[in-house]
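Some notes on the structure that comes next.
Numbering (this note's numbering), first residue to last: 250 to 431.
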C-alpha cells in the first residue's frame with residue numbers, strides 16, 4: 250500500500266511540475282435603457298484550464314451574475330432581481346501561434362440558469378467560439394472570445410415549448426479576460 254501511495258505521489262508531483270495550468274476569467278458589467286425600461290447586470294466568470302500540449306487544452310468556466318430589471322407599465326415601475334449561474338466546459342484547439350498572439354477555437358457546451366422575479370429560464374448550448382490570446386509575458390495573457398457558431402435551446406420554466414436556434418452570432422457574443430499561466 251505504501252509503494253502504491255509513493256508511486257501515485259511521485260506521478261502527481263511529476264505532472265504538477267510539468268503542468269501548464271492557467272487560471273483567470275472575466276468580469277462583466279452592462280446597463281441598458283429603452284422606452285423607460287432599464288436593466289443593469291454584472292457578472293464574474295472565473296476559468297481554469299490545463300494545456301495538454303502546445304495545441305490542445307481543456308478547461309471550464311463557472312460564473313455568477315446579478316442585476317436589476319426595471320419595467321414601466323402604465324406609469325408604474327416594477328423592479329425584479331436577476332440572477333444567473335453559468336457552467337461551460339470546453340476543449341481548446343490553437344491552430345495559429347505567432348510571436349505574442351495565439352488564435353484558438355473553443356468547442357464545448359454550456360448551461361445557463363437565469364432567474365428574474367418569478368420567471369426561470371434554462372439555456373443549453375453547444376458549439377464553437379473563436380478567440381485570440383495576446384501573451385503579455387510568459388505568465389500573463391489577455392484573452393478575448395468573439396462570436397458563437399452552434400445550437401442553443403432555451404426553455405422557460407412552466408412552458409411546454411422551448412426556443413431552439415442554430416447559427417452564427419458575431420455581434421453580441423464578445424468577452425475579454427486575463428489568464429495567469431503557471
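Even glycine gets a Cβ: it sits at the ideal position worked out from N, Cα and C.
Boundaries of the beta strand (DSSP E) in which residue 390 is found, first to last residue:
389-405
Assuming residue 363 and residue 379 are in contact, meaning their beta carbons sit under 8 Å apart, how far apart are those beta carbons, in whole angstroms?
That pair is no contact at about 25 Å.
Confirm, please, whether the CB-CB distance from residue 399 to residue 375 is below 8 Å.
yes
For residue 325 and residue 397, the rounded distance between their alpha carbons
38 Å
From the DSSP output, which residues share a beta bridge with residue 338?
309
If I'm right that residue 372 touches residue 401 with Cβ under 8 Å, what's the distance once you round it to whole angstroms?
7 Å
Do the CB positions of residue 426 and residue 312 come within less than 8 Å of each other?
no
Is residue 260 helix, strand or coil by DSSP?
At residue 260, the pLDDT of 48 sits below 50, so the modelled position is not reliable and the matter cannot be decided from this model.
If you follow the beta strand (DSSP E) that residue 378 is in, where does it begin and where does it stop?
368-384
Assigned exposure category for residue 392 - 16 Cβ within 10 Å defines buried:
buried
Excluding five sequence neighbours on each side, which residues of the same chain lie with their C-beta closer than 6 Å to the C-beta of residue 287?
319
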